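Written out below as structure tokens is the structure these notes cover.
Listed below in structure tokens is the structure:
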């Protein structure tokens with residue numbers, strides 16, 4: 001039987017800001033985008049006590065907690081901390097899977113034998129090093145079990161700063177009150193089906209005769225190996241999507257949104273040293289796909305292509321939009337004498353230093369700029385862990401205070 005640890009950083013973005021700024025410690029903090037829609041993307045442990053959750057609007061958050069402190073996100077800071085966390089956990093096992101920016105799995109089946117107290121002693125050592133090396137305010141919860149799904153559930157049981165070990169003898173009892181929608185693999189459709197049968201928890205679901213695929217999930221029999229960072233595959237596409245609060249009825253507004261999304265997708269291509277040949281535009285039920293003979297990372301070329309496709313069928317009243325780039329090539333090298341590429345390179349450097357859309361096309365003047373979502377890897381996990389450029393100036397300066 002394997003032994004898997006799931007390490008989950010508690011209220012990661014907010015706690016990172018509290019670590020960097022002692023004034024914020026012990027206070028309700030909400031992390032927001034630097035600009036854009038008023039949405040909380042992460043809440044501190046203190047803010048969560050007021051029922052403030054990820055996705056809560058700023059208006060609702062202030063209503064729930066008038067004293068909440070809003071802090072713009074700093075992804076460079078969070079990625080730098082994640083790199084430090086990876087180095088810590090890698091000291092305990094060579095088999096490490098980075099599941100998201102704030103959580104990872106480690107298979108310690110063999111290495112736990114180096115500790116007299118086994119996996120529990122190892123987990124306590126990890127937690128101590130997180131405090132010592134990431135900062136005294138940083139906390140993580142660790143779950144221990146023999147499968148990834150059980151280890152992840154265990155880490156959720158005693159937050160924050162928890163440590164929970166599940167065994168074959170206790171796991172059914174310990175998990176019986178977990179809501180079905182909290183289990184990986186039980187999505188919205190399956191949750192709705194189970195709830196229509198009067199089922200809310202795993203314990204209730206286990207009283208029923210269910211199809212094997214669902215039964216394996218509610219009995220937590222699903223198992224997968226830990227996927228190492230070295231096994232990550234390069235992205236097959238780069239995309240950016242957006243959902244508007246209200247329908248967009250003007251063609252110019254729709255085209256400006258498309259340009260906004262194209263600029264972001266193209267900037268991500270250039271950051272990852274990629275270019276693409278196939279470009280897709282999604283506008284609610286409208287869909288267009290165009291392929292060039294040669295690859296490009298130039299937003300003007302991509303936008304012109306997709307704008308022409310839209311103008312042939314100018315739908316309005318749309319709420320969802322998306323741009324996708326595929327048929328990617330890697331290690332894309334532009335011609336050094338290409339003035340357009342030199343310009344794009346200069347724009348990228350300024351935007352990376354001073355913030356997204358410090359410089360942007362004149363077409364977007366006077367409109368709302370949509371910033372990238374910042375709650376995950378933005379589809380570039382492979383790049384983040386296979387690039388020499390993943391460290392930030394913030395990391396070089398030191399994370400703790």
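In the UniProt record's numbering, the protein residues as written are 1 to 401. Note that CB positions come from ideal geometry on N, CA and C, so glycine has one too. The structure displayed is predicted, hence computed values, not measured ones.
Cα-Cα separation between residue i and residue j, rounded to whole angstroms
i, j, result
"residue 192", "residue 185", "13 Å"
"residue 28", "residue 75", "20 Å"
"residue 145", "residue 165", "6 Å"
"residue 36", "residue 356", "With a pLDDT of 46 at residue 36, under the threshold of 50, the modelled position of this residue cannot be trusted; read the value that follows with caution. Cα-Cα distance, rounded: 11 Å."
"residue 376", "residue 108", "Caution applies to residue 376, whose pLDDT of 45 falls short of 50 and renders its modelled position unreliable; the value that the coordinates give is listed next. Rounded to the nearest angstrom, the two C-alpha atoms are 26 Å apart."
"residue 367", "residue 322", "18 Å"
"residue 48", "residue 330", "42 Å"
"residue 157", "residue 286", "43 Å"
"residue 133", "residue 13", "17 Å"
"residue 206", "residue 212", "12 Å"
Counted within 10 angstroms of its Cβ, other Cβ atoms place residue i as buried (16 or more) or exposed
i, result
"residue 3", "buried"
"residue 354", "exposed"
"residue 1", "exposed"
"residue 246", "exposed"
"residue 241", "exposed"
"residue 313", "exposed"
"residue 236", "exposed"
"residue 302", "buried"
"residue 11", "buried"
Residue i vs residue j beta-carbon contact at 9 Å
i, j, result
"residue 92", "residue 138", "no"
"residue 41", "residue 73", "yes"
"residue 262", "residue 310", "no"
"residue 126", "residue 88", "yes"
"residue 210", "residue 183", "no"
"residue 208", "residue 199", "yes"
"residue 50", "residue 31", "no"
"residue 248", "residue 317", "yes"
"residue 141", "residue 304", "no"
"residue 361", "residue 259", "yes"
Minimum C-alpha distance to residue i - residue among the options
i, options, result
"residue 338", "63, 243, 298", "298"
"residue 84", "68, 104, 66", "104"
"residue 170", "98, 154, 329", "154"
"residue 327", "238, 365, 94", "238"
"residue 269", "287, 286, 324, 13", "324"
"residue 71", "94, 19, 50", "19"
"residue 45", "132, 58, 26, 156", "26"
"residue 251", "264, 283, 265", "283"
"residue 95", "204, 112, 212, 359", "112"
"residue 148", "99, 159, 279, 195", "99"
Chain D within 9 Å of residue i, Cβ atoms only
i, result
"residue 269", "Within the model displayed, chain D is absent; a lone protein chain is all it includes."
Just list the beta strand (DSSP E) runs in the stretch 227-301, keeping only unbroken ones of 3 residues or longer that don't cross its boundaries, in chain order. 238-248, 274-283, 286-296
Extract the residue ranges of the alpha helix (DSSP H) inside the stretch 56-87, only unbroken runs of 4 or more that lie entirely within it. 58-64
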